[in-house]
Amino acid sequence: MANNFTIKKEKLDKSNSKLILSGDFDGTSAWELIHALKEVKNCSRVIINTHALKKIFPFGLQILLNYSFSRSKDKRVIIFEGEELKLKP
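If you want it as structure tokens, here you go:
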């Protein structure tokens, strides 16, 4: 994981959570985000805030995209927010 990458988790209410990403997003950071998404599996909606990301490495983005295509049974709504929506596929 990039030395400066962090994920802050916020429970907004019973069915909504927010993951706030900051730092550099690389391959290991992508797996960390995937793990965080699995931890909030009881939420029907997850907001991923990308505003504080500094740099996004293509390999990290590709890992996240591959995961998103493999989650067909996952019915949660995942919303990306932040300046430029940097991770939105």
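Numbering (our numbering), first residue to last: 1 to 89. For glycine and all other residues, C-beta sits at the position ideal for the given N, C-alpha and C.
Beta-carbon separation of L19 and I48 under 7 Å? On the sequence shown, residue 19 is found 19 positions in, with the first residue counted as 1. On the sequence shown, residue 48 is found 48 positions in, with the first residue counted as 1. Yes, the pair counts as a contact, with Cβ atoms nearer than the cut-off.
Check whether L53 and L21 have beta carbons under 7 Å apart: Residue mapping note: residue 53 aligns to position 53 of the sequence shown, counting from 1. Residue mapping note: residue 21 aligns to position 21 of the sequence shown, counting from 1. Result yes, Cβ atoms of L53 and L21 sit closer than 7 Å.
For N49, the three-state DSSP class (helix, strand or coil): Stepping through the sequence shown from its first residue, residue 49 is reached at position 49. N49: strand per DSSP, three-state reduction.
Considering only their Cβ atoms, is the gap separating G27 from N4 smaller than 7 Å? If you number the sequence shown from 1, residue 4 lands on position 4. If you number the sequence shown from 1, residue 27 lands on position 27. No, these two residues do not count as a Cβ contact at 7 Å.
Using beta-carbon positions only, say whether S15 and S44 come within less than 7 Å of one another. Residue mapping note: residue 15 aligns to position 15 of the sequence shown, counting from 1. Residue mapping note: residue 44 aligns to position 44 of the sequence shown, counting from 1. A contact, by the Cβ cut-off of 7 Å.
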